[in-house]
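Trainee: This is the structure, below, for whatever I ask next.
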Amino acid sequence: MDKVGIVGCTQTKYEADKIDQTYSELVFEVVKKLHNELGITNDDIGCVITSSNDFNDGRTIANMAIQDAVGSVRKAESRVSGDGAFAYIYGAMRILSESFDTVMVVSHCKCSEVNQYLVNNTIFDPYYQRHLGLDQISSAGLMANMYMNKYGVTEDQAAKVVVKNRKNALNNPYAHLQKEVTIGDVLNSKMMA
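Just so you know, we're using this note's numbering here: the sequence shown kicks off at 12 and counts up by one.
As structure tokens, then:
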């Protein structure tokens with residue numbers, strides 16, 4: 012079987028709000044950085060695959076708003092809705108089909124543009140669950156509570172996981188939350204769900 016390789020990868024820093032940048036500017040920042048790191052130009056890319064979520068983008072056919080930023084004008088371009096991993100797989104298939112030698116995959120999301128409670132509520136069944144008002148935070152809280160009860164996990168033990176994860180985030184320059192916390196900080200923080 013033929014092989015497909017990833018030759019470059021870059022991203023922006025995760026932040027709560029990026030009000031000073033549009034979707035297109037965020038995407039262009041990543042594309043330009045990738046071009047510079049690899050020493051390539053837009054002419055070296057045969058096909059572009061983009062990935063995003065219409066709900067978070069606040070519009071349908073969201074790839075139309077970033078065509079200039081990804082350099083896909085007058086070039087083969089496709090979009091995968093949702094997870095960037097699916098876009099990578101699609102890009103790999105485009106190469107394996109021998110239609111293209113190079114494919115650039117760009118996935119983006121800017122959750123601060125829309126009300127996340129409303130967006131996240133749409134993942135639930137519209138007839139039985141959506142009216143309960145669940146979102147990802149409240150459903151994660153319910154699952155964590157069930158897990159803690161089933162396996163006898165204490166709040167202190169759960170807090171230790173947060174402390175470990177936040178400490179590990181200090182090693183990631185792109186991490187959203189880069190602040191060391193203590194078990195006390197976690198236990199005294201605002202309850203989300």
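No residue lacks a Cβ here, since even glycine has one placed at the ideal position from N, Cα and C.
In this text the structure is predicted, and so the values were computed from the model without any measurement.
1) Spatial neighbours of V84 within its chain, please: C-beta separation below 8 Å, excluding the five flanking residues on both sides.
2) For V117 and V38, which I take to be in contact (beta-carbon distance under 8 Å), what is that distance rounded to the nearest angstrom?
3) Spell out the partners DSSP gives I60 in its beta bridges.
4) Just mark M115 as buried or exposed, buried being the case when its beta carbon has 16 or more other beta carbons within 10 Å.
5) Could you please give the first and the last residue of the uninterrupted alpha helix (DSSP H) stretch that includes L153?
6) Let me make sure I understand the geometry here. Which of V164, G69, L143 has the alpha-carbon closest to that of H119?
7) Excluding five sequence neighbours on each side, which residues of the same chain lie with their C-beta closer than 6 Å to the C-beta of C58?
8) Less than 9 Å between the C-beta atoms of V15 and A103, yes or no?
9) Closest to L45 by C-alpha separation, out of T23, M154, T33, S108, would be which residue?
Mentor: With the structure as the only source:
1) Answer for V84: Q78, listed in chain order.
2) Between V117 and V38, the beta carbon gap of about 6 Å places them in contact (Cβ cut-off 8 Å).
3) Bridge partners of I60 according to DSSP: S89, V116.
4) When all chains shown are included, M115 counts as buried.
5) Following the DSSP letters along the chain, one finds L153 inside the alpha helix (DSSP H) bounded by residues 147-162.
6) Checked all of V164, G69, L143; the closest Cα to H119 is G69.
7) So the list reads A87, R105, F111, V114, once near-sequence residues are dropped.
8) For V15 and A103, yes; Cβs fall inside 9 Å.
9) With distances taken between Cα atoms, L45 lies closest to T23.
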